[in-house]
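Down below is the structure, laid out as structure tokens.
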Amino acid sequence: MNGRPAAPDEGPELPEFPFPGSSHRGPAPLFARLRAERPVVRVAWRGGGHAWLVTRHEDVIRVLDDPRFSRAASYAPEAPRFDGLFQAPPGMIISLDPPDHTRLRALAEQAFSTERVEGMRPRVREVAGRLLDELEKSGPGPADLVAGFAAPLAMTVICELLGVPEADRDRFHAWVRQFADVSAPPEQAAEGGEKLGAYIAGLVAAKQAEPADDVLSALIGARLGTGTDVDEGPGAGRDPDTGARTNTDADAQDGSPGARPGGGDRLGFDELVGLGFTLLGAGFDSSAGQIGNFAATLLARHRDVWRRLGEHPEEIPVAVEELLRTVNLNGNDTSGLPRIATEDVAVGGVVIPAGEAVFLAFPSANRDAAVFPDPDRADFGRADNPHLAFGHGIHRCLGAPLARLELTVALEELTRRFPGARLAVPEHELIWRAGDVNHNLLALPVELPRSTA
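Under UniProt numbering, the first residue of the sequence shown carries the number 1, and numbering increases by one thereafter.
Put into structure tokens, the structure is as follows:
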């Protein structure tokens, strides 16, 4: 800590954060002014406390690349706390810093190879087609694309990845919803998290005893080889005198819940549970939410694009990237994952003091005119699109390739089969889940005529 004071935060008083006016259509309007005038600003958190908010693309990347902004430090007893904020449990991959994160990521990436994800495409398409068949046979009246398509598609894919039996998926879904509701009493979300954790622990133990062809089994078998590029940091996972690893293969394979959390060349039991937990929550909730959000966005404001994509499916991958940039998944305009400055750090002309929390406004960064010409316009042919929907750097979303696959296949099937689809209610009558981490639709009633209208 160098003792420099924070630069004064001049300007009119801001409303408490999260700011009002955010929706799936974009971040709160105030962000445009902040990017131009106060790109790094100290805000009061609704419910008490303060944090720094970073709003420009360049500065967000700067923070993500700087190891002095720590995710792990946000779990320290003295770290700032924010009421109503979903905070991932400690020890999960999104909660760690290097070298712990680096090792865990290197192991987890083995189970998410390009070949494995791409190999899932036929199955994702098969599930999407079956769900749309069922919607088409459901009789007259609007179809609900959330309950009948987006949610079951994302749930089926992630559960098959993890090897969750079909009979368990309904209660799994209920636990995820309970865990993601930040407006409910904390004990309710904790109960959902405990049930999920206990179930995944049982699943890990079963896969250790009898591996199958799924990602969880692949994670169990993942191992760091001598050529694996892992920056462990000084002395990480090694005896300080001999330099030998402090966690043997036997330690890493110990399947008991009390096993050490890892540190060797394989994942420990608790690490496997944490990864399963992470993949389920992110892989289901975010993917299901954005499938619905993308469909609602196109049908409400870009029906011409919907029709064109049905005729030109080769354009869908580029359109998906623009939808990722412009459709705001984040319920409070940030990832909801604070970082703590471990020393005084200058960002955007402001010195953020050591010990203070920093939130990164990804949706705002994705509207930065310095990076995206005409940033508030959805340009479905935008070639250069370095959006931050999946983050950046060491914490870039591990499941991004799978999410892109699901979103692409979902739009391919929807636009091909139902070129004349239209919302069954005005956009302003759509109902959103209150209190969720993400902007998630409660329902998406849509007319699905096969022929164009």
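We put the beta carbon where it would ideally sit given N, CA and C, even for glycine. Since this is a predicted model, take the numbers as computed values, not measurements.
According to DSSP, is D133 helix, strand or coil?
helix
Just the C-alpha distance for G23 and R325, rounded to the nearest angstrom, thanks.
Note that residue 23 is Ser in the sequence shown here, rather than Gly. If you take the alpha carbons of S23 and R325, they lie about 14 Å apart.
Taking only the alpha-carbon atoms, compute the straight-line gap between D383 and P401 and give it to the nearest angstrom.
Before going on, a small fix: residue 383 reads as Ala here, not Asp. For A383 and P401, the distance between alpha carbons rounds to 18 Å.
Taking only heavy atoms of the ligand HEM into account, decide whether any of them is closer than 7 Å to the Cβ of N440.
No copy of the ligand HEM appears in this structure; indeed no ligand is present at all.
Three-state secondary structure assigned by DSSP to E447:
strand
When you compare only the Cα positions, how much space is there between P373 and H57?
13 Å
Could you check if D133 is buried or exposed, using at least 16 other CB atoms within 10 Å of its CB as the buried criterion?
exposed
Grab me the residues of G331's own chain with a C-beta within less than 7 Å of its C-beta, minus the 5 sequence neighbours each way, in chain order.
For G331, the CB contacts under 7 Å within the same chain, skipping 5 residues up- and downstream, are D436, V437, N438 and H439 in chain order.
Where do the N-terminal and C-terminal ends of the beta strand (DSSP E) with R68 fall, by residue?
Note, R68: premise wrong, no beta strand (DSSP E); not H, not E.
Determine, using beta carbons only, whether S364 and L329 come nearer to each other than 8 Å.
no
With a cut-off of 8 Å, does the C-beta of D65 fall near any C-beta of chain B?
The structure shown has no chain B; it contains just one protein chain.
Please classify L309: does DSSP put it in a helix, a strand, or coil?
helix
Under the three-state DSSP convention, the category N293 falls into
helix
Quick check on this structure: which residue in F31, I352, R396 and L405 has the alpha carbon closest to the alpha carbon of E118?
If we check each option's Cα against that of E118, L405 comes out closest.
For D359, which beta-bridge partners are listed by DSSP?
Inspection of the sequence shows that residue 359 is occupied by Phe rather than by Asp. Looking at the DSSP assignment, F359 forms a beta bridge with L53.
Quick one, are the C-beta atoms of L423 and V446 less than 8 Å apart?
A Cβ-Cβ contact shorter than 8 Å links L423 with V446.
Beta-carbon within less than 6 Å of L107's beta-carbon, same chain only, minus the 5 sequence neighbours each way: which residues are those?
The residues A222 and L267, in chain order, have a CB closer than 6 Å to that of L107 in the same chain once the five nearest residues on each side in sequence are set aside.
Hey, could you find the ends of the beta strand (DSSP E) V41 is sitting in?
V40 to A44
Inside the segment 150-199 only - alpha helix (DSSP H) runs reaching at least 4 residues
151-162 and 169-180
Going along the chain, which residues of its own chain have a beta-carbon closer than 8 Å to the beta-carbon of G283, five neighbours each way excluded?
The beta carbon of G283 sits closer than 8 Å to the beta carbons of A154, V157, I158, L161, G399, L402 and A403 from its chain, once the five residues preceding and following it are set aside; these are given in chain order.
Flag this pair as touching only if the segment 86-93 and the segment 273-280 have three or more C-beta atom pairs under 8 Å; answer yes or no.
yes
For A73 and E356, what's the separation of their Cα atoms in angstroms?
10 Å
Would you list the one or two residues that DSSP bridges to A143?
V446
Which full runs of the alpha helix (DSSP H) of 4+ residues lie inside the segment 394-437, going along the chain?
400-417
Decide if S138 is buried, meaning its Cβ has at least 16 other Cβ atoms within 10 Å, or exposed.
By the neighbour-count definition (other C-beta atoms within 10 Å, threshold 16), S138 is an exposed residue.
Using a Cβ-Cβ cutoff of less than 6 Å, which residues in the same chain neighbour G310 once the five nearest sequence positions on both sides are dropped?
T415, R416 and P419
On a Cα-Cα basis, can you pick out the residue from P142, L64, F19 and A147 that is closest to A131?
Looking at the sequence shown, residue 131 is not Ala but Leu. Minimum Cα distance to L131 is reached at A147.
Quick check on this structure: which residue in R367, Y199, K195 and G393 has the alpha carbon closest to the alpha carbon of V63?
G393
Is F371 helix, strand or coil by DSSP?
With the sequence shown as reference, residue 371 is identified as Val, and Phe is not the correct amino acid for it. In the structure shown, V371 sits in coil (DSSP, three-state: anything other than H, G, I, E or B).
Looking at the structure shown, is F17 part of a helix, part of a strand, or coil, going by DSSP?
DSSP, reduced to helix, strand and coil, places F17 within a strand of the structure shown.
Start and end of the beta strand (DSSP E) containing A341?
R339 to A341 is the span of the beta strand (DSSP E), which, as asked, contains A341.
Indicate the three-state DSSP secondary structure (helix, strand or coil) for S23 in the structure shown.
Collapsing the DSSP output to three states places S23 in a strand.
Within the same chain, show all residues whose beta-carbon is closer than 6 Å to that of R433, passing over the 5 residues directly before and after it, in chain order.
N440 and L442
Counted within 10 angstroms of its Cβ, other Cβ atoms place S335 as buried (16 or more) or exposed
buried
What is the residue span of the beta strand (DSSP E) that I352 lies within?
V350 to I352
Runs of alpha helix (DSSP H) wholly within the segment 261-287 (minimum 4 residues, chain order)
269-280
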